[in-house]
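Inspection log for the structure reproduced underneath, given as structure tokens.
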Amino acid sequence: MPLQHKTGSRRFVLASAGLLMAVVAIYAAYRLFTPPAPEIDVAYNTVSRDGIYQVMFETEAQPIPLNETHDWVVTITTPDGTPVTDASLSIDGGMPAHGHGLPTEPQMAENLGDGQYRVEGLRFNMGGHWEIRIGISADPGLDEAVFNLDL
Amino acid sequence: MRTARGHAAIGALCGFLALSACDSGALSEDERAKIASLSIDALGPLPPSPGNRYADDPQAADFGRLLFFDEGLSGTGNISCATCHVPDQQFQDARPRGLGADETDRRTMPLAGAAWNIWQFWDGRRDSLWAQALTPLEDQREHAGNRAAYARYVAETYADTYSEIFGALPDISEIPENASPFGSETERAQWSAMELEEQEPVNRVFANIGKAIEAFERTLIPTETRFDRFARAIAAGKEPTGDAAFSDLELEGLRLFIGKANCLECHNGPRFTDDHFHNTGVPPVAGLPEDLGRAVGIAAVQADPFNCLGRYSDAGPDACDALRFMKRDAAAMERAYKTPSLRGVAGRPPYMHAGQIATLEAVIDHYSSAPAAASGQSEIRGVVFTDRGRQALIAFLNTLDATPASDP
Ligand SMILES: [Cu+2]
Numbered sequence: 001m002p003l004q005h006k007t008g009s010r011r012f013v014l015a016s017a018g019l020l021m022a023v024v025a026i027y028a029a030y031r032l033f034t035p036p037a038p039e040i041d042v043a044y045n046t047v048s049r050d051g052i053y054q055v056m057f058e059t060e061a062q063p064i065p066l067n068e069t070h071d072w073v074v075t076i077t078t079p080d081g082t083p084v085t086d087a088s089l090s091i092d093g094g095m096p097a098h099g100h101g102l103p104t105e106p107q108m109a110e111n112l113g114d115g116q117y118r119v120e121g122l123r124f125n126m127g128g129h130w131e132i133r134i135g136i137s138a139d140p141g142l143d144e145a146v147f148n149l150d151l
Numbered sequence: 001m002r003t004a005r006g007h008a009a010i011g012a013l014c015g016f017l018a019l020s021a022c023d024s025g026a027l028s029e030d031e032r033a034k035i036a037s038l039s040i041d042a043l044g045p046l047p048p049s050p051g052n053r054y055a056d057d058p059q060a061a062d063f064g065r066l067l068f069f070d071e072g073l074s075g076t077g078n079i080s081c082a083t084c085h086v087p088d089q090q091f092q093d094a095r096p097r098g099l100g101a102d103e104t105d106r107r108t109m110p111l112a113g114a115a116w117n118i119w120q121f122w123d124g125r126r127d128s129l130w131a132q133a134l135t136p137l138e139d140q141r142e143h144a145g146n147r148a149a150y151a152r153y154v155a156e157t158y159a160d161t162y163s164e165i166f167g168a169l170p171d172i173s174e175i176p177e178n179a180s181p182f183g184s185e186t187e188r189a190q191w192s193a194m195e196l197e198e199q200e201p202v203n204r205v206f207a208n209i210g211k212a213i214e215a216f217e218r219t220l221i222p223t224e225t226r227f228d229r230f231a232r233a234i235a236a237g238k239e240p241t242g243d244a245a246f247s248d249l250e251l252e253g254l255r256l257f258i259g260k261a262n263c264l265e266c267h268n269g270p271r272f273t274d275d276h277f278h279n280t281g282v283p284p285v286a287g288l289p290e291d292l293g294r295a296v297g298i299a300a301v302q303a304d305p306f307n308c309l310g311r312y313s314d315a316g317p318d319a320c321d322a323l324r325f326m327k328r329d330a331a332a333m334e335r336a337y338k339t340p341s342l343r344g345v346a347g348r349p350p351y352m353h354a355g356q357i358a359t360l361e362a363v364i365d366h367y368s369s370a371p372a373a374a375s376g377q378s379e380i381r382g383v384v385f386t387d388r389g390r391q392a393l394i395a396f397l398n399t400l401d402a403t404p405a406s407d408p
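Those protein sequences? They're chains A and B, same order as listed.
If you count by our numbering, then the first sequence holds residues 1 to 151, one letter each, in order.
If you count by our numbering, then the second sequence holds residues 1 to 408, one letter each, in order.
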């Protein structure tokens, strides 16, 4: 009986070790061989300083690339979700910790309708903390949305 | 039996995990990602040159090679691009400042990978390789020639080759022997005396000289270095072996470079440049004319008639991203210079835009002392290096020299 018991517990230990190993192996295999989950566009969302607008942007490239000039689509609504369709945008920014601005002058290129605007010419030339300020001028008033990005 | 199988499974699992997380000198995931981002394997395909429809024409590249080495393409008859861009010296000349018909004010830049540049020159005053090539040809201290003479020279020497690539040569038999908007006083007078319709075909042939040279320069691709073999192994989750293995000192230098020393802020990506301009407080050379770097390059590239938006460009205006989104704030760009690639850097002293710094040791001293800029604002925040840290950074920079793999 004690013998029996001993074998039983050893069996149990072996079995659990085997199970653990299998789990680890499956997890490792999963990490190594599964393609990353399909990219959902990470959207960045914020409320403008004075609370006049809800502002969101999506980028054509994810994650936001380094040293690649690319476009953003900025969506602007009022806080109740009504699209702001007549805005004009100005884009500015930089790296506060490094005391420098953007390496390019991005421009609002196209009003896509439905409160969406294409901004072209964004470029980030180093990793670290960036601040992007989007100035918004439209019927509800002048305001500015600030996005903080860590690249 | 069961236990033996268990051991085997553990062994297999460990070998398996070693690929992803187990070892490789305890580089963090972030460090590995940064190392991979610097590898030559991260270099994308040759970017298009929208302003030059002959950029990838092999016949144009062959013609460009001839022109690059042709001393006939100079006012003095003894200067070619290769006088300063010496092929077996990484296409530079190891001098503090380039020497053609006279000494210039800036250091000759190496050319491998220049086709990936957004801007050409230390101050980015040209936006393509073809527009760049036209500049030294008419600089009185470089090729010291003029476009009328070059158009005539091409018509005399390369008429067939030229017309096979670019179509029939225009009739330029009536133009002056020597005329250019930049040459001597008489050359300039001759140029302004020409009608626009007479200038146009000369400009056209001149631009095509540049376009052929660009096609050749696009064949000058960065070569693989020891660092790249190291980085390839790291990116693949393997232990670097043979000459790809780094010494402790080299690894320490690499970690400083991508970490505490902040070098990666500007020297990033597979060419070790962010394609942008920075004031790093490099002092001007006494006796040379004032040099404000990018602050002057901005207006110069906009004014260049051979830029991407100009009439000799083959690009539609939408293709000229660099100019469209160019940062125009000259005040912020005072004494800012283009971040140079660091590939092959140990093998080509002296350093900086006018050869101000003689050795890599002195370059590290510069980044350590971070002197204030003569004008404008230096972006360098001084880093304190130990003696070993300095040696380590230099050891790492040496791994960026192009050397063929030394073992199987
Ligand atoms: Cu920065």
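We put the beta carbon where it would ideally sit given N, CA and C, even for glycine.
Residue environment for THR386 of chain B: exposed (fewer than 16 other C-beta atoms within 10 angstroms of its C-beta). Interface with chain B (7 angstroms Cβ-Cβ cutoff): GLY121 of chain A is included. GLU58 of chain A is outside the set of residues whose beta carbon lies under 7 angstroms from a beta carbon in chain B. Within 10 angstroms of the beta-carbon of SER341 of chain B lie 16 or more other beta-carbons, which makes it buried. Within the segment 215-264 of chain B, complete alpha helix (DSSP H) segments of at least 4 residues are found at 226-235, 248-258, given in chain order. Between MET126 of chain A and ASP30 of chain B, the gap from beta carbon to beta carbon reaches 7 angstroms or more. As a beta-bridge residue in DSSP terms, GLN120 of chain B pairs with B:ARG126. For THR69 of chain A, the residues of chain B that pass the 9 angstroms Cβ criterion are ILE118, ASP321, ALA322, PHE325, in the order they occur in the chain. Chain order gives the chain A residues near LEU264 of chain B as MET126, GLY127, where near means a beta carbon separation below 9 angstroms. Residues ALA402 of the same chain have their beta carbon placed closer than 6 angstroms to that of THR223 of chain B, with the five preceding and five following residues left out of the count. By the criterion of at least three beta-carbon pairs nearer than 8 angstroms, the segment 80-97 of chain B is in contact with the segment 109-119 of chain B. At a cut-off of 7 angstroms between beta-carbon atoms, GLY297 of chain B makes no contact with chain A. By the Cβ neighbour-count rule, LEU288 of chain B is exposed, with fewer than 16 other Cβ atoms within 10 Å of its own. Closest in C-alpha terms to TRP122 of chain B, from the list B:ALA300, B:SER369, B:ALA148, comes B:ALA300. For the segment 120-131 of chain B, the set of positions with a beta-carbon nearer than 9 angstroms to some beta-carbon of chain A is empty. Contact with chain B is found for GLU105 of chain A, since one of that chain's Cβ atoms lies less than 7 angstroms from the residue's Cβ. Nearest CB-CB separation between HIS276 of chain B and chain A: below the 7 angstroms threshold. Interface residue (Cβ-Cβ distance to chain A less than 7 angstroms): GLY382 of chain B is not classified as such.
Interface criterion met: the Cβ of GLY269 of chain B is under 7 angstroms from a Cβ in chain A. For GLN116 of chain A, the secondary structure class from DSSP, reduced to helix, strand or coil, is strand. The beta carbons of CYS266 of chain B and GLY51 of chain B sit no closer together than 7 angstroms. Looking at the backbone, the Cα of GLU185 of chain B and that of GLU71 of chain B are separated by about 24 angstroms. Per the C-alpha coordinates, the member of B:TRP116, B:ASP365, B:ARG97 positioned closest to ARG381 of chain B is B:ASP365.
Residues of the segment 360-387 of chain B that bring their beta carbon within less than 8 angstroms of a beta carbon in chain A comprise GLN377, GLU379, in sequence order. Counting of Cβ neighbours within 10 angstroms places HIS353 of chain B among the buried residues, the total reaching 16 or more.
Assigned with DSSP and collapsed to three states, HIS366 of chain B falls in helix.
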